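*Asks:* Chains as they are written, first to last, in the numbering used here: chain U, 87 to 265; chain A, 512 to 1041.
I'd like to ask some things about the structure below.
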């Protein structure tokens, strides 16, 4: 009977190790997915793109419209300094956005870009963007920030307008203390 | 406890501590697998009715278009809590209850391997259930992010979500401990002569299920811990702004979630594989292939998770892989269905209630399996994602699959557990009403889904009104029919015709060699299996 109990304990120990290892495995999935996204090029919204072809295609003009949004209760004012620009594919363009902290405490935010139409995302190459880093604003501080981009030649011909939209999210953990 | 050896009731030669406290303490302190099995089954029956009341709330709201009773946020709480309670409170504990009662008796062991841990596994569940239900009464209400608690909904909700997460943590811990116990019992405590390939199929399916639980419950625990730290401790696992990714939650969740759906169906396969040979009076056709089919389903379940997320924008190669891997599961599942039919072929069949539920299971579960195949096809799934077609599909496999198997097993083993025969007339009424009302409830949902009615929305367009009214009538009928089940259970527990040791002519597993009801400790001296 003692051997029975001992062998049971050995089995329990092995199974408990499996359970603990699987808990770790759940966390290991995160770097694993990040790597997969990196390798397959999915989801790299906060990294600078590289541009191979900077020859300007003067035969084509595309309108780029700018949009700005704030998520949740982020106490900021956020706007694009120009509503739209007209660019040629391949042309290096710089546009400006402005944020201002309207609250009485320092707040950190992160902008996430999105595109309309969605497929334009692949052809909108950002060389520099305020969305690559987190922005921290002191109370009342305002800041002008640049986006430097090149529109790729591959943009399908039927797309004549691209909307670039940024949403700012507060990043102090999602749980916010009141006030 | 160890110090309180009370050598009475003819257990004088026993090495374990057996004092028998009376009243409620008998149940609180029990380490006996039969007592704990009973506790699990009663707990799961209670949760089944609580989840059922929430389903009444859902169907009442959907009886007519427009908003009648609840505001949409509370409606979302109803669907979420119905799912969580039915999955983690009703179906899973019911199967663990069966495991506790049946595994020692079917493998010729005196009790489970770790009796004290067994007690703990059970008594973690009621506090978890109380936490879960309490969440209705905190500011912001109960979890309303769906039973899948997808981020970012779950990272933004009120404190109800924290209670839900703690409840899931505790239930997960309970499941893991229960599974360790089950695997150890099956691997180490079989009667002499019972090799792995001589084990009854119910034991096989539970062995594989327990391995699945040990492998994936910790992954769920990890996922909900990440939600918890995202909510309160400033981590950004799923917060896009902080460099996280909400889609990643879906990947981690479904890495748990898909094996989880097999955790809820494999023991059902096991029960049906015991019941059908008993009432066809023939040995199970293709025993070996059943074992391999069960193992294949379990292994495949780890590589199909992303078929729940075809619309999240994954590369076409990924969609193709997950589509074909999912379709592959139809092969071992088909093997099982054909084996059950071949077992019945030319058998001397009788249709007592357990057999009715088992045959009903094969019929209705196969329909759910087929809609699963349709949903596995990526382009179709993209159309049907989050419609009532999906709701119809998983209720066909979970209600008509898992639940009917639980009913089948309950009627099958009730004479053994209680020592009394159940009321056959009541049982037959229970079966036919359940089968008919089940189909009235869920069959129209296929059409609703194909026509585009989205799930988890308390209102709908006028053209869906007739089918929804029909589904609601069916749901209330189905719920009321379950009162017959309770009536039958109570009647059987309190008395009735004395059950012989082996009430079913064709049953041949070890538990039928014991008296009905069986002695407090099943096999003091192990039987020898030839």
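Note that beta-carbon positions come from the ideal geometry of N, C-alpha and C, so glycine has one too.
Here the structure is a predicted model, which means the values were calculated and not measured.
Using a 10 Å radius around the Cβ and a threshold of 16 neighbouring Cβ atoms, would you call residue 750 of chain A buried or exposed?
*Replies:* That one is buried.
*Asks:* Thinking just about the alpha-carbon of each residue, which of A:853, A:863, A:828 is nearest to the one in residue 1115 of chain A?
*Replies:* Summary: the structure shown does not reach residue 1115 of chain A, with chain A confined to residues 512 through 1041, and so no result is reported for it.
*Asks:* DSSP three-state label for residue 173 of chain U, please.
*Replies:* Three-state DSSP puts residue 173 of chain U in a strand.
*Asks:* For residue 548 of chain A, which residues in chain U fall below 7 Å Cβ to Cβ?
*Replies:* Under the 7 Å cutoff, chain U gives no residues; its nearest Cβ is about 19 Å from residue 548 of chain A.
*Asks:* Given a threshold of 16 other Cβ atoms within 10 Å of its Cβ, counted over all protein chains shown, does residue 579 of chain A qualify as buried or as exposed?
*Replies:* Label assigned to residue 579 of chain A: exposed.
*Asks:* Could you name the residues of the same chain whose beta carbon sits closer than 8 Å to that of residue 161 of chain U, not counting the 5 residues immediately before and after it, in chain order?
*Replies:* Taken in chain order, the residues that qualify are 187, 188, 189, 193.
*Asks:* Using 8 Å for Cβ pairs, my map puts residue 593 of chain A next to residue 569 of chain A. What's the rounded Cβ distance?
*Replies:* About 6 Å separates the two Cβ atoms, so the contact holds.
*Asks:* Do we get a CB-CB distance below 9 Å when we pair residue 266 of chain U with the residues of chain A?
*Replies:* Absent from the structure is residue 266 of chain U, since the part of chain U shown begins at 87 and ends at 265.
*Asks:* If you count every other CB in all the chains shown that lies within 10 Å of the CB of residue 847 of chain A, and 16 or more means buried, which is it?
*Replies:* Residue 847 of chain A comes out buried.
*Asks:* Which whole-angstrom value is the C-beta distance of residue 235 of chain U and residue 134 of chain U, which I expect to be below 8 Å?
*Replies:* Contact doesn't hold; Cβ gap of about 10 Å is too wide.
*Asks:* What's the gap between the Cα of residue 90 of chain U and the Cα of residue 703 of chain A?
*Replies:* When rounded, the distance between both Cα atoms is 13 Å.
*Asks:* Please check if any C-beta of chain U sits within less than 9 Å of the C-beta of residue 766 of chain A.
*Replies:* Yes, because at least one Cβ of chain U sits closer than 9 Å to the Cβ of residue 766 of chain A.
*Asks:* Distance, Cα to Cα, residue 723 of chain A vs residue 768 of chain A?
*Replies:* Looking at the two C-alpha atoms, the distance is approximately 11 Å.
*Asks:* Could you pull the start and end residues of the beta strand (DSSP E) that residue 165 of chain U belongs to?
*Replies:* Segment 162–166, the beta strand (DSSP E) holding residue 165 of chain U.
*Asks:* Anything in chain A within Cβ reach of residue 202 of chain U, meaning under 8 Å, just list it in chain order.
*Replies:* The contacting residues do not exist; residue 202 of chain U stays about 15 Å from chain A at best.
*Asks:* Relative to the alpha-carbon of residue 970 of chain A, which residue among A:633, A:577, A:551 has its alpha-carbon at the smallest distance?
*Replies:* The residue with the shortest Cα to Cα distance from residue 970 of chain A is A:577.
*Asks:* Does any residue of chain U bring its CB to less than 9 Å from the CB of residue 1019 of chain A?
*Replies:* No, because no Cβ of chain U sits closer than 9 Å to the Cβ of residue 1019 of chain A.
*Asks:* Between A:1039, A:909, A:1040, A:1025, which has its C-alpha nearest residue 613 of chain A's C-alpha?
*Replies:* For the residues A:1039, A:909, A:1040, A:1025, the minimum Cα distance to residue 613 of chain A belongs to A:1025.
*Asks:* Is the beta carbon of residue 770 of chain A within less than 8 Å of some heavy atom of the ligand SAM?
*Replies:* Judged by which ligands are present, the structure shown has none, so any question about the ligand SAM falls away.
*Asks:* Going by the CB atoms, is the gap between residue 635 of chain A and residue 600 of chain A shorter than 9 Å?
*Replies:* No, Cβ-Cβ distance for residue 600 of chain A and residue 635 of chain A is not below 9 Å.
*Asks:* In the region 615–633 of chain A, which residues sit with their C-beta less than 9 Å from some C-beta in chain U, listed in chain order?
*Replies:* Listed in sequence order: 624, 625, 628.
*Asks:* I'd like to check one pair, residue 868 of chain A with residue 776 of chain A: are the Cβ atoms closer than 9 Å?
*Replies:* No, they are not a contact pair.
*Asks:* Where does the unbroken beta strand (DSSP E) through residue 195 of chain U begin, and where does it stop?
*Replies:* Segment 193–202, the beta strand (DSSP E) holding residue 195 of chain U.
*Asks:* Using a Cβ distance threshold of 8 Å, determine whether the region 551–560 of chain A contacts the region 600–611 of chain A, with at least three qualifying pairs required.
*Replies:* Verdict: yes, contact present.
*Asks:* Residues of chain U with CB under 7 Å from residue 691 of chain A, in chain order?
*Replies:* Chain U residues near residue 691 of chain A: 98, 101, 102.
*Asks:* Tell me whether residue 228 of chain U is buried or exposed, calling it buried when 16 or more other Cβ atoms sit within 10 Å of its Cβ.
*Replies:* Under this definition residue 228 of chain U is an exposed residue.
*Asks:* Based on the DSSP output, what are the partners of residue 154 of chain U in its beta bridges?
*Replies:* U:252.
*Asks:* Can you tell which of A:691, A:830, A:649, A:539 has the C-alpha that lies nearest to the C-alpha of residue 99 of chain U?
*Replies:* Here the closest residue by C-alpha is A:691.
*Asks:* Please compile the residues from chain A whose C-beta is within a distance smaller than 7 Å of the C-beta of residue 196 of chain U.
*Replies:* The contacting residues are 752, 753.
*Asks:* Only counting the same chain, and skipping five residues up and downstream in sequence, which positions put a Cβ closer than 7 Å to that of residue 246 of chain U?
*Replies:* Closer than 7 Å at Cβ, skipping near neighbours: 148, 149.
*Asks:* Between the Cα of residue 583 of chain A and those of A:968, A:726, A:936, spot the shortest distance and give me the residue it belongs to.
*Replies:* Among A:968, A:726, A:936, the Cα nearest to that of residue 583 of chain A is on A:968.
*Asks:* Look up residue 140 of chain U in the DSSP assignment and say whether it is helix, strand or coil.
*Replies:* In this structure, residue 140 of chain U counts as coil in the three-state DSSP scheme.
*Asks:* Using the C-alpha atoms, what's the distance from residue 163 of chain U back to residue 251 of chain U?
*Replies:* When rounded, the distance between both Cα atoms is 15 Å.
*Asks:* Which two residues bound the contiguous alpha helix (DSSP H) that contains residue 918 of chain A?
*Replies:* 915–929 is the extent of the alpha helix (DSSP H) around residue 918 of chain A.
*Asks:* List, from N- to C-terminal side, the alpha helix (DSSP H) runs of 4 residues or more that fit wholly inside the region 742–794 of chain A.
*Replies:* Entirely contained in the region 742–794 of chain A, the alpha helix (DSSP H) runs reaching 4 residues are, in chain order, 757–774, 777–791.
*Asks:* Excluding five sequence neighbours on each side, which residues of the same chain lie with their C-beta closer than 7 Å to the C-beta of residue 104 of chain U?
*Replies:* So no residue of the chain qualifies.
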